[in-house]
Amino acid sequence: MKIMKVVSSSLTIPFRGTLKNPFLLSQKSASGILLASFHSDSASNHGHLSVFHKITKLDDALQLFDEMTQTQPMPSVVKFTQLLQAVTKMKHYSCSIHLFKQMLAIGAPVNLYTFNIVIKCCCQMSCTRDGFAVVAYGFRRGVVHNVYTFSTLLNGLILEDRILEAERLFKKLIKQKLCEPNVVMYTTMIKGLCKVGINDTAIALLRLMNKRGCKPNVMTYNTIIDSLCKDEMVDDALKLFNEMIFHKGIVPDVVTYSSLIRGLCYLSRWDDAVKMLREMEDEGISPNVITYNILVDSLCKEGMAEDAQTVLSIMVERGKVPDLVTYNSLIDGYCLRGEMEKAKEIFDLIRMRGLVPNLVSYNSLLNGYCKKLQIDEALHLFHEITENGMNHNVVTYNTLLQGLFRVGRCKDARELFNEIRAHNQISPDAVTYAIVLEGLCYNHRVDEALSLFRMIGENKLNSDIVLYNILVNGASKCGKLDTAKALFNELSIKGLNPNVWTYNVMIGCFGREGLMREAQRLFLQMEGRGCPPNRVTYNVLLQGLLKNKHFDTIEMLLQKMDEQSFSVDASTFSMLIDHISSGSLDDSLLKLIGKLVPKEGKEAAFLPSRYVKGMLLVKQSGSIFENYRNCIRNQFLVHIAKLRYDRQGVPNRRDPPFVKHAK
DNA sequence: CTAGGGTTAG
């Protein structure tokens, strides 16, 4: 069915052969010239670019395939393989597999390369099982599989999150000497380890491959660097970055820099991100569309959509064409700020740029309307998706579901939830349940939430700490302390470990009930239970103490926060100031509090818009906000803009101040 | 003619 859609592109030149291919619905082809050149190409095969590289439409490929099967004698195995590869490169995996089957049926030549392509197709479709089956079939036909085959299978298992099996395969290959792992195979295995978050083991494998005489390359390092960045361990990533350059002599590329820039942006280390950007350009590596997309997206997530647009114009100026990802980030950025007109403008811009909005575009916009409680707009858009020939996915449903709960339309929400459950292609996921439970609690239907939770049964979801946290929080906020406590106690019975969230929720719960001794008791046991208090814990505890007028430990807690560089959030800040102005707290605390107010970063960016409580705060955080924005403007945009003009005068050098030279 | 790395939505 998927293929039917793809095949219907416009065609002009009449077709000459007979139709044999079941995928081929059209009688005409734009590939007439292509076909002609194919014939001359097969006569003289000296060209460095075969016709197969020119194939961009599935139609043309299928047409060509049809011709090839009718040529007598049949073209070489190389031709068939190239064609199969062309189809695969277009990501029409199921089509490739079908063509392969046809080849077998008509006795077209196949070899190891053909098999490897087909195995890759299976793996890319998350059917690694089938990949193994194809391997077995090839084996019976006498095909000797190589390191390419096994790397592909390894990658397939990793794509399906079957990391244990991947590890087992990897070890088996080495032990039984089925193939000698090379840098690609090691890198694939390293990616698998990174994917499940065991960076240490990934790095250990990096060391091991070195010891076994297999030199890592830039891709190997990029894999680990990216993983570290995603786990917010940018400094460790920078260490590896240094190691690869100064120790291994491996030259970083645009991917290395893009990962690092993303990691730095994510932590709001704009200054360092700019330095990286500058360094990469100094090294003669230009940012590409993905790099710019990372910048655009990071700025958007920081609530700075118009600055993101400035980056967009810079990228255009530099000859890079923004793509769907760029525009989708901008849509999301404007939605985040509740500027729906601008978001819609960008959405419409997509078509004006000759692109077609995808589900991500729609879902972002839908989310924007939902968050703004413009539920009619949201519903309209929801229907527009199917009118435009697309299908809702679980994200679409979840988004709308959340919107319906937010405006209190519980009945509609539950109906939609049932629709998802009845759907034969989509099923509710953990996020769906989280949204429904949270939505019900939000609408004071804790009992309904609980009974739904019990109904899920004793499966994985029922042991999801996130769902427990939602229910505990919901029960507590609805004043059902006993329910909250009972749920919390249920955790240890089930052998589930509370996480920081759970503790934060319970501490907040006790705070609301005035049970500060209980709150303190939990706070004190956190460290020993392996989940040390975070910024939120301190804020929640402080708010409870302030609310219940327990002033004696406040200063000590603030001191501790300062030691760990945690910041006070807006509500805590507001309460502290209130108590100082009313005289119940000493104003000597102001100096300490001042140190705990975020000066930059995501928190500061959202301080005024998201967490405003009192007038005093509006004034205070307003100035922080302005400073922050100006700071970014100076550091970031001016810097990027400057790169255009300063470039000539800058000698080629490597001087990133935050990278310690290992020389 | 075959394998591996970086970007967007709940």
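Following our numbering, the numbering of the first sequence begins with 510 at its first residue and continues without gaps.
All C-beta atoms, glycine included, are put in the ideal place defined by N, C-alpha and C.
Only a predicted model underlies this, so the values are computations on that prediction, with no experimental measurement involved.
DSSP state of Cys-844, grouped into three classes?
Sequence index remark: in the first sequence, residue 844 carries index 335 (1-based). In the structure shown, Cys-844 sits in a helix (DSSP, three-state: H, G or I).
Candidates Tyr-657, Glu-752, Lys-686, Gly-706, of which the one nearest Val-692 by Cα:
Along the first sequence, one-based indexing puts residue 692 at 183. Checked all of Tyr-657, Glu-752, Lys-686, Gly-706; the closest Cα to Val-692 is Tyr-657.
Simplified DSSP state of Met-899, which is helix, strand or coil
The residue labelled residue 899 in the question sits at position 390 within the first sequence. Looking at Met-899 - three-state DSSP - the assignment turns out to be coil, as it is neither helix nor strand.
Considering only the alpha carbon of each residue, which of Leu-875, Asn-867, Ile-894, Thr-895 lies closest to Glu-886?
Looking up residue 886 in the first sequence gives position 377. When each option's Cα is compared against that of Glu-886, the closest is Leu-875.
Ends of the alpha helix (DSSP H) at Val-945?
For the purposes of this step, residue 945 is taken as the residue at position 436 of the first sequence. It spans 939-951 - the alpha helix (DSSP H) in which Val-945 sits, taken as one unbroken run.
Buried or exposed for Ala-642, going by 16 or more other Cβ atoms inside 10 Å?
As a position in the first sequence, residue 642 is number 133, starting the count at 1. Answer is exposed; the Cβ neighbour count stays below 16.
Please return the same chain residues whose Cβ sits closer than 8 Å to the Cβ of Met-785, not counting the five positions on each side in sequence.
Position 276 of the first sequence, counted from the first residue, corresponds to residue 785. Counting only Cβ-Cβ distances below 8 Å, and skipping sequence neighbours, we find Tyr-766, Leu-769, Ile-770, Leu-773, Pro-1165.
Whose CA, out of Val-820, Val-798, Asn-797, Ile-799, lies closest to the CA of Leu-808?
For the purposes of this step, residue 808 is taken as residue 299 along the first sequence, with counting starting at 1. Among Val-820, Val-798, Asn-797, Ile-799, the Cα nearest to that of Leu-808 belongs to Val-820.
Coil, strand or helix - Gln-818 by DSSP
Working through the first sequence from its first residue, we reach residue 818 at position 309. Three-state result, Gln-818: helix.
If you draw a straight line from the alpha carbon of Phe-459 to that of Val-1049, how long is it in whole angstroms?
Lying before the first or after the last residue shown, residue 459 is absent from the chain, which here runs from 510 to 1172.
Under DSSP, the alpha helix (DSSP H) around Glu-957 begins and ends at which residues?
Mapped onto the first sequence, residue 957 falls at position 448. 955-965 is the extent of the alpha helix (DSSP H) around Glu-957.
Option in Tyr-775, Asp-806, Val-763 with minimal Cα separation from Ser-795:
One-based indexing of the first sequence puts residue 795 at position 286. Closest by alpha carbon: Val-763.
Does the Cβ of Thr-637 have 16 or more other Cβ atoms within 10 Å, making it buried, or fewer, making it exposed?
To locate residue 637, count along the first sequence from 1; it is residue 128. Classification of Thr-637: buried, given that the 10 Å Cβ count is 16 or more.
Option in Ile-707, Lys-704, Val-1045, Ile-699 with minimal Cα separation from Asn-719
In the first sequence, the residue the question calls residue 719 occupies position 210. Checking every option, the nearest Cα to that of Asn-719 belongs to Ile-699.
Go ahead and pull the three-state DSSP assignment for Asn-731.
Position 222 of the first sequence holds residue 731. Helix at Asn-731.
Per DSSP, what kind of secondary structure is Met-753 in: helix, strand or coil?
Translated into positions along the first sequence, residue 753 becomes position 244. Of the three classes helix, strand and coil, the one that applies to Met-753 here is helix, per DSSP.
Identify, in the order they occur along the chain, each residue of the same chain with its Cβ nearer than 6 Å to the Cβ of Val-945, setting aside the five sequence neighbours on each side.
For the purposes of this step, residue 945 is taken as the residue at position 436 of the first sequence. So the qualifying residues of the chain are Phe-926.
By Cβ distance below 8 Å, which residues in the same chain neighbour Ile-1016 in space, the five residues on each side in sequence not counted?
The residue you call residue 1016 lines up with position 507 of the first sequence. Within the same chain, Ile-1016 has close Cβ partners Ala-1028, Leu-1031, Phe-1032, Thr-1046, Val-1049, Leu-1050, Gly-1053.
Thinking just about the alpha-carbon of each residue, which of Met-742, Leu-776, Lys-739, Met-728 is nearest to the one in Met-753?
Here residue 753 corresponds to residue number 244 of the first sequence, with the count starting at 1. Among Met-742, Leu-776, Lys-739, Met-728, the Cα nearest to that of Met-753 belongs to Met-728.
Which ranges does the alpha helix (DSSP H) cover as unbroken runs of at least 4 residues, wholly within the region 590-660, from first to last along the chain?
602-615, 621-633, 637-649
Who are the Cβ neighbours of Val-869 in its own chain at under 7 Å, not counting the five residues just before and after it?
As a position in the first sequence, residue 869 is number 360, starting the count at 1. Contacts found: Asn-837.
On the three-state DSSP scale, how would you describe Leu-573?
Numbered from its first residue, the first sequence carries residue 573 at position 64. Helix, per DSSP.
With the cut-off set at 8 Å, would you say Leu-1101 and Leu-1067 are in Cβ contact?
On the first sequence, position 592 is the one that residue 1101 refers to. On the first sequence, position 558 is the one that residue 1067 refers to. Yes. Within cutoff.
In whole angstroms, what is the alpha-carbon distance linking Glu-854 and Gly-863?
Translated into positions along the first sequence, residue 854 becomes position 345. Translated into positions along the first sequence, residue 863 becomes position 354. Between Glu-854 and Gly-863, the C-alpha separation is close to 15 Å.
Going straight from the alpha carbon of Met-813 to that of His-607, what length do you get?
Taking the first residue of the first sequence as position 1, residue 813 is located at position 304. Taking the first residue of the first sequence as position 1, residue 607 is located at position 98. Computed Cα separation, rounded: 48 Å.
For Cys-919 versus Cys-950, is the C-beta distance shorter than 8 Å?
Indexing the first sequence from 1 puts residue 919 at position 410. Indexing the first sequence from 1 puts residue 950 at position 441. No.
7 Å CB neighbourhood of Ile-734 in its chain, flanking five on each side removed:
Here residue 734 refers to the residue found at position 225 of the first sequence. Excluding sequence neighbours, Ile-734 sits near Ala-746, Leu-749, Phe-750, Thr-765, Ser-768, Leu-769.
Mind checking which residues open and close the alpha helix (DSSP H) that includes His-1088?
Numbered from its first residue, the first sequence carries residue 1088 at position 579. Where His-1088 is concerned, the enclosing alpha helix (DSSP H) stretches over 1079-1090.
Rounded C-alpha distance that separates Arg-860 from Gln-818:
Stepping through the first sequence from its first residue, residue 860 is reached at position 351. Stepping through the first sequence from its first residue, residue 818 is reached at position 309. Roughly 18 Å separates the two Cα atoms.
Would you please state the rounded distance, in angstroms, between the beta carbons of Phe-609 and Thr-590? I believe it to be under 8 Å.
Walking along the first sequence from the start, residue 609 turns up at place 100. Walking along the first sequence from the start, residue 590 turns up at place 81. The Cβ separation is near 10 Å, so there is no contact.
Helix, strand or coil for Leu-882? Go by DSSP, reduced to three states.
Mapped onto the first sequence, residue 882 falls at position 373. If DSSP states are grouped into helix, strand and coil, Leu-882 belongs with coil.
Locate the alpha helix (DSSP H) running through Gln-1052, then write down its first and last residues.
As a first step, residue 1052 must be located in the first sequence, where it is residue number 543. Here the alpha helix (DSSP H) through Gln-1052 covers 1044-1056.
Given a cut-off of 8 Å, decide if Asp-740 and Gly-706 are closer than it, judged by their beta-carbon atoms.
If you number the first sequence from 1, residue 706 lands on position 197. If you number the first sequence from 1, residue 740 lands on position 231. Their beta carbons are under 8 Å apart, which means Gly-706 touches Asp-740 by this criterion.
Can you tell me the Cα-Cα spacing of Pro-1107 and Leu-882, whole angstroms?
Within the first sequence, numbered from 1, the residue matching residue 1107 stands at position 598. Within the first sequence, numbered from 1, the residue matching residue 882 stands at position 373. Each residue's alpha carbon lies about 30 Å from the other.
Name the two residues that bound the continuous alpha helix (DSSP H) containing Asp-806.
The sequence position of residue 806 within the first sequence is 297, counting from 1. First-last of the alpha helix (DSSP H) with Asp-806: 798-810.
Can you name, in chain order, every residue of its own chain whose Cβ lies under 7 Å from the Cβ of Gly-732, other than the five neighbours on each side?
Your numbering for residue 732 matches position 223 in the first sequence. Note that residue 732 is Thr in the sequence shown here, rather than Gly. Same-chain partners within the cutoff: Thr-696, Ile-699, Lys-700, Cys-703.
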